[in-house]
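Presented below is the structure to which this report refers.
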Amino acid sequence: RCQQLRSQKKCEYFDKAGLTLFTQHALNKPHDIEDLVKIGRRIEACSYFGSRKALAQTDLVLMPYASLVNERMRHSLGVESLK
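The opening residue of the sequence shown carries number 424 in this note's numbering; numbering runs sequentially from there.
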């Protein structure tokens, strides 16, 4: 459903201004996933795509070990190197 709404440009949570605002809030301090969902709900922005957008500006990302060692999962998260 998400992909369908985005492709039709009908998703109310997937707009450039909202994602930019989400990124600013997300990068303000460390957050866990529940905090990011709350931020997304509060500012009415997609927490999934907002988090992915914020990744490009981070120095450190914490994730479950299982996500780190799984090559397919790493690739989907944009983690190219284990260095």
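Backbone N, C-alpha and C define an ideal beta-carbon position, used for all residues, glycine too.
Treat the numbers as computed from the prediction; the structure is a model and nothing was measured.
Residue j and residue i - do their beta-carbons sit closer together than 9 angstroms?
i    : j    : result
A449 : S474 : yes
E467 : G441 : yes
S470 : L483 : no
R497 : E503 : yes
Can you find the residues in the same chain that come closer than 7 angstroms, C-beta to C-beta, to residue i, ignoring five residues on each side of it along the sequence?
i    : result
L428 : C434
Using a Cβ-Cβ cut-off of 8 angstroms (strictly less than) and excluding sequence neighbours within five positions of residue i, which residues of its own chain qualify?
i    : result
G501 : R475, L478
With 16 as the cutoff for other CB atoms within 10 Å, does residue i come out buried or exposed?
i    : result
Y436 : buried
T481 : exposed
T446 : buried
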